[in-house]
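Each remark here refers to the structure printed beneath this line.
Number of protein chains: 2
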Amino acid sequence: MYTYQYPRPALTVDCAFFCKSNNVLYVLLIQRANSPFQNMWAFPGGFVDMDEDIEVAAYRELKEETGFVGFGLEQFRTYGAVDRDPRGRTVSIVYTGTMMSDELPVVKGEDDAKQAKWQAVEKLSPLAFDHDLIMSDLLKLLQI
Amino acid sequence: MYTYQYPRPALTVDCAFFCKSNNVLYVLLIQRANSPFQNMWAFPGGFVDMDEDIEVAAYRELKEETGFVGFGLEQFRTYGAVDRDPRGRTVSIVYTGTMMSDELPVVKGEDDAKQAKWQAVEKLSPLAFDHDLIMSDLLKLLQI
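From first to last, the protein sequence lines stand for chains R and E. To convert, note that position 61 of the first sequence is 61 in full-length UniProt numbering; the numbers rise steadily by one, no gaps. To convert, note that position 116 of the second sequence is 116 in full-length UniProt numbering; the numbers rise steadily by one, no gaps.
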């Protein structure tokens, strides 16, 4: 157990990776294996280890949950609304990346993910946490 | 005291506010009243309360430490290198804003700040924490 004089938030990273393929825009999502939002789809992501830089955590979580590696991520924005996670205050730093490819790269749900899948952005169901808001913010700025 | 199953970082906000006046670019800095980096200059900022949104924390800290209010802040980037704060892991969300004015607004160091002052960006001494890096990153993107 870890004890502090003042309360602290949990810190996570989330990765929003897009692929444009045959003129359709896809985003890489995972189906959550655990609560909260169990079975709902979400961006791959998870908790930052205390001895790793935040960017390193983003690449690690993306790899652990989807097997997807080899493409660049850049920091997008940090989401910290007080009530965005029912487990308690959790602040998430969102990373993003894009690629173009005739074929969607093979991905596989692992670790905290039941499945990983490229999903057409046009046809998304509601996502876990505040990921619909994050997606909406990303799509306003996406250049691909 | 607050106890958690896994270690957590401290979460801060920092505010980098620029004013262009008579063709000179100034940034609003405070002289730190407390350690670490006591007496060094830094961006106004401080710890996020657990019941406040991160943007609200940025406006609050800027006001508390400098008295400066009434201008807009937008989120710039989050800094989370493992060793950026000698007190332990601290992740900081940086907000920024700009204005043009013939006269520099009156500011006053309060709370954790011995002084607050508009300083010419061209003539800065080394800043506390990783604020030199943050300043360098900001100046690459600043449009004023």
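Think of the CB as a built atom: it goes at the ideal place given N, C-alpha and C, for glycine as much as any other residue.
- In the structure shown, the three-state DSSP call for Val121/E is helix.
- The Cβ atoms of Ala116/R and Ile30/R lie closer than 9 Å to each other.
- Per DSSP, Tyr59/E is not a residue of any beta strand (DSSP E); the alpha helix (DSSP H) it occupies stretches across Ile54 to Thr66.
- By the C-beta criterion, the segment 48-56 of chain R is judged to be in contact with the segment 11-25 of chain R, since at least 3 inter-stretch pairs fall below 8 Å.
- In this structure Leu73/R is in contact with Ala58/R, their Cβ atoms being roughly 5 Å apart against a cut-off of 8 Å.
- For the segment 63-75 of chain E, the set of positions with a beta-carbon nearer than 9 Å to some beta-carbon of chain R reads Gln75 in chain order.
- Along the length of the UniProt domain "Nudix hydrolase" (8-141) of chain E, whole alpha helix (DSSP H) runs at least 4 residues long occupy 54-66 and 131-141, reported in chain order.
- With fewer than 16 other CB atoms across the displayed protein chains lying within 10 angstroms of its CB, Gly70/E is exposed.
- The beta carbon of Glu61/R sits closer than 7 Å to those of Val13, Cys15, Pro44, Gly45 and Gly46, all from its chain and outside the five residues before and after it, given in chain order.
- Per DSSP, reduced to three states, the secondary structure at Tyr6/E is coil, with no helix or strand assignment.
- Of all residues in the segment 26-46 of chain E, none is placed with a Cβ closer than 9 Å to any Cβ belonging to chain R.
- Note that the C-beta distance between Asp112/E and Glu65/E is below 9 Å.
- Nearest in C-alpha terms to Val27/E, of all of Tyr4/E, Asn34/E, Leu104/E and Ser92/E, is Leu104/E.
- The closest CA to that of Trp41/E, considering only Leu133/E, Lys114/E and Leu141/E, is found on Lys114/E.
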